[in-house]
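Visitor: Chains as they are written, first to last, in my numbering: chain A, 1 to 114; chain B, 1001 to 1111.
Ideal Cβ positions, reconstructed from N, Cα and C, are used throughout, including at glycine.
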Amino acid sequence: LAKTTQPISMDSYEGQEVNITCSHNNIATNDYITWYQQFPSQGPRFIIQGYKTKVTNEVASLFIPADRKSSTLSLPRVSLSDTAVYYCLVGGGIYGGATNKLIFGTGTLLAVQP
Amino acid sequence: DVKVTQSSRYLVKRTGEKVFLECVQDMDHENMFWYRQDPGLGLRLIYFSYDVKMKEKGDIPEGYSVSREKKERFSLILESASTNQTSMYLCASSGSTDTQYFGPGTRLTVL
């Protein structure tokens, strides 16, 4: 089972770019990499998903090297409202009864200061 | 927008009671999940279901059971609640893309 490792916490200031790296050495061939954001007392919210190389949406970018053993979530120009816990999730592949357990990392608490 | 709803935001029960947590999704998703979240432990998967009447154990199924009689509804059952089941319970659903959509969570306290 692919487990993930992330920093427990990170600090940043408003307007900076923040990069959060996740290690997943045992990622399987059909695993996707997904990042979620969670605010206190709320369920996690999907941010971005990728399989390899780079993915970008209106919120973030996801960089995945060729070996896929790690990934980096990049948040451009963070604001105070980006203060949250960010989870790296590796897995998926639930098709037709086949099961791959989905494992959340412990999450990274990003604290954005003025 | 995908909507996942959970029957209660806050719930207080006594030790030994039978507890039902209900989750409903409105996107015709095949897959549904139950997690619990505790400080310092992140999200841990209890059970998931990939079809009606189908279920698979997650990482911590002990003390829990689930029911999926209809595609849109996934219930988590605590047969005899214990204090160590005090936690935040999160339900999620996903379709073919593996992206999971979460409900707001139920904070359960067992006294």
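Does the Cβ-Cβ distance between residue 1092 (chain B) and residue 1019 (chain B) come in under 8 Å?
Guide: no
Visitor: Could you pull the start and end residues of the beta strand (DSSP E) that residue 86 (chain A) belongs to?
Guide: 84-91
Visitor: Looking at the C-beta of residue 53 (chain A), does it have a partner C-beta in chain B at a distance below 8 Å?
Guide: no
Visitor: Using the Cα positions of residue 1012 (chain B) and residue 1078 (chain B), report the straight-line distance between them to the nearest angstrom.
Guide: Their Cα atoms are separated by approximately 13 Å.
Visitor: Alpha carbons only, please: which of B:1010, B:1021, B:1033 is nearest the one belonging to residue 1102 (chain B)?
Guide: B:1033
Visitor: Counting contacts by CB-CB distance shorter than 8 Å, is residue 43 (chain A) in contact with chain B?
Guide: yes
Visitor: At what residues does the beta strand (DSSP E) containing residue 1038 (chain B) begin and finish?
Guide: 1031-1038
Visitor: CA-CA distance, residue 7 (chain A) and residue 1073 (chain B)?
Guide: 35 Å
Visitor: Hey, would you say residue 33 (chain A) sits closer than 8 Å to residue 90 (chain A), going by beta carbons?
Guide: yes
Visitor: Buried or exposed: where does residue 1004 (chain B) fall if 16 or more other Cβ atoms within 10 Å of its Cβ makes it buried?
Guide: buried
Visitor: Taking Cβ positions, are residue 64 (chain A) and residue 56 (chain A) nearer each other than 8 Å?
Guide: No.
Visitor: Looking at the secondary structure, which residues open and close the beta strand (DSSP E) in which residue 59 (chain A) lies?
Guide: Segment: none, residue 59 (chain A) is in no beta strand (DSSP E) and carries neither H nor E.
Visitor: On the DSSP bridge list, what partners appear for residue 1051 (chain B)?
Guide: B:1054
Visitor: Going by DSSP, what residue range makes up the beta strand (DSSP E) through residue 34 (chain A)?
Guide: Boundaries of the beta strand (DSSP E) around residue 34 (chain A): 32-38.
Visitor: Evaluate residue 982 (chain B) with the Cβ neighbour count: other Cβ atoms within 10 Å of its Cβ, from every protein chain shown; 16 or more gives buried, anything less gives exposed.
Guide: An answer regarding residue 982 (chain B) cannot be provided, because it is not within the stretch 1001 to 1111 covered by chain B.
Visitor: Determine the chain B residues that contact residue 50 (chain A) at a beta-carbon separation under 9 Å, and present them in chain order.
Guide: The premise fails here: residue 50 (chain A) is roughly 12 Å from chain B at the closest Cβ pair, so nothing lies under 9 Å.
Visitor: I'd like the list of long-range same chain contacts for residue 5 (chain A), defined as Cβ closer than 6 Å, with 5 residues on each side in sequence excluded.
Guide: 23
Visitor: If you draw a straight line from the C-alpha of residue 37 (chain A) to the C-alpha of residue 59 (chain A), how long is it?
Guide: 11 Å
Visitor: Give a yes or no on whether the minimum CB-CB distance between residue 21 (chain A) and chain B is below 8 Å.
Guide: no
Visitor: Residue 1039 (chain B) and residue 42 (chain A) look like a contact to me (Cβ under 8 Å); what is the Cβ gap, rounded to whole Å?
Guide: Wrong, their Cβ atoms sit about 15 Å apart, outside the cutoff.
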